[in-house]
C-alpha cells in the first residue's frame, strides 16, 4: 500500500510540471510547442494513474483532492484542444513551426556551415584548376562540359515550365528528405548529403567563374537560391537533431529523446517541403527567363526576408507571455 508521503516524494516534480504546462496553456494551447503538447498528454495520463492509486489507498486524504483537481484542470485544457481541432492548421503555421525553428536553430546553423564551407573550398579549387574541381564530385563532367561549351541547359525549362516545376520540386524535396532521414545514422549520412551537395554547388560555380560563365549561371540561380538553400539547411538541421538525440539523449532515454527530436524534425520537414514548393515554382517560372538580374535578386532577397521574418518573429508574443512571472 502506497502512503501519501511516499507518493509526494516520488511524484511531486511531475505534478508541478503539469501545473506549469496547464498554466501556460490556459491562454491557448498554441502557446505550447509540439514536444510540450506531447509532454502534457503524457503527464496527464500519469497523474490519472496517481489519482487512481490515491483513491484506492487514501480516498479521504487532501492529496487525493489535489490530484483530482489537477486531473480536472488538465482534462479541461486537453478537451478544449480537441474541440478546437479545425484550428490546428492555423496553430501549426502561426506558432508550432516558427517556434520549432527557433528552438533548433543551432542545428540549422551547423547544417549551413557543413554545406557552405565545402562549397567555398570547392569553388576556389575549381576556379584555380577545373580538373581538380571535377575530382570533388565524380560524375559532374557532363555539366562541366556544358559550361565549357557555353550551353545554358536551364533554358530547356522554358519548353515546359509546369512539368519542370514538378520535377524540380521532387528533386529538391528528395534531397531534403535524404538529409532529414540521415539522422538515424547518427547524422553521418546527413553530413554526407550536405557535404556532397555543397561540393557540387561550389565546383559548378567555380568552373563557371573560370570560363566566364558566372553571369549566366547566377542569372539562373539568383531568384530561387535563398529559398532552396534555406530549406536544405533546415532539413539538414532536422537530421542532425535526430543524430544528436541518439548520441546525447540528456535526461531522457535514447528512445524518448529520439521521439521528441523526431516530432520536432517532422515539423521542420513539413516546413521545408512548403518552402521547396515555392522555390520550385520560382525556379521553373522565373529563374530561366530573360528578366533582369536585378529583378531576380529582388525576388530572392524579398522571399528570404519574408521567410526569416516569419520564422524568427511569428508567435513571439505567445512565447513572451508564457515566460512572464506567475
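Residue numbers (our numbering): 217 to 542. Note that the Cβ used here is the ideal one computed from N, Cα and C, for glycine as well.
How many angstroms separate the CA atom of residue i from the CA atom of residue j?
i           : j           : result
residue 458 : residue 353 : 27 Å
residue 429 : residue 488 : 30 Å
residue 235 : residue 465 : 25 Å
residue 349 : residue 337 : 10 Å
residue 512 : residue 501 : 11 Å
residue 284 : residue 304 : 28 Å
residue 360 : residue 367 : 10 Å
residue 328 : residue 452 : 8 Å
residue 421 : residue 346 : 11 Å
residue 476 : residue 517 : 34 Å
residue 400 : residue 391 : 16 Å
residue 274 : residue 321 : 48 Å
residue 470 : residue 460 : 10 Å
residue 437 : residue 290 : 51 Å
residue 525 : residue 472 : 32 Å
residue 281 : residue 237 : 20 Å
residue 379 : residue 231 : The predicted position of residue 379 is uncertain, since its pLDDT is 46 and thus under 50; a value taken from the coordinates is nonetheless stated next. About 55 Å.
residue 272 : residue 229 : 22 Å
residue 358 : residue 365 : 11 Å
residue 510 : residue 411 : 30 Å
Shortest alpha-carbon distance to residue i belongs to which of the options?
i           : options               : result
residue 227 : 238, 262, 257 and 237 : 262
residue 442 : 425, 415, 393 and 503 : 503
residue 455 : 484, 437 and 444      : 484
residue 547 : 436, 426, 253 and 520 : The structure shown has nothing for residue 547, since the chain only spans 217 to 542.
residue 491 : 475, 448 and 471      : 448
residue 326 : 395, 519 and 289      : 395
residue 404 : 450, 330 and 240      : 330
residue 519 : 365, 507 and 494      : 494
residue 307 : 225, 231, 416 and 241 : 241
residue 363 : 424, 509, 351 and 323 : 424
residue 508 : 431, 342 and 411      : 431
residue 332 : 413, 218, 505 and 481 : 413
residue 505 : 482, 225 and 435      : 435
residue 482 : 408, 393, 341 and 342 : 393
Reducing DSSP to helix, strand and coil, say where residue i ends up.
i           : result
residue 507 : coil
residue 353 : coil
residue 266 : helix
residue 365 : coil
residue 464 : coil
residue 248 : coil
residue 530 : coil
residue 458 : helix
residue 260 : helix
residue 518 : helix
residue 275 : coil
residue 429 : coil
residue 446 : helix
residue 402 : coil
residue 312 : helix
residue 469 : coil
Assuming residue i and residue j form a contact by the criterion Cβ under 8 Å, report the distance between their Cβ atoms to the nearest whole angstrom.
i           : j           : result
residue 479 : residue 251 : 6 Å
residue 406 : residue 418 : Actually they do not touch by this definition, with Cβ atoms about 19 Å apart.
residue 474 : residue 462 : 6 Å
residue 334 : residue 415 : 5 Å
residue 556 : residue 324 : Past the boundaries of the shown model lies residue 556; the chain is included only from 217 to 542, so the question cannot be answered.
Under 8 Å Cβ to Cβ from residue i, same chain only, skipping five residues before and after it: list those, please.
i           : result
residue 223 : 266, 269, 270 and 279
residue 287 : 260, 263, 264 and 267
residue 257 : 294
residue 523 : 442, 443, 446 and 491
Can you give me the Cβ contacts of residue i inside the same chain, cut-off strictly under 6 Å, excluding the 5 residues immediately before and after it?
i           : result
residue 527 : 314 and 317
residue 254 : none
Please go through the same chain and pick out, in chain order, the residues whose beta-carbon is closer than 7 Å to the beta-carbon of residue i, but skip the five residues on each side of it.
i           : result
residue 204 : There is no way to answer for residue 204, as the model of the chain reaches only from 217 to 542.
residue 249 : 312, 315, 316 and 319
residue 220 : 274, 277 and 279
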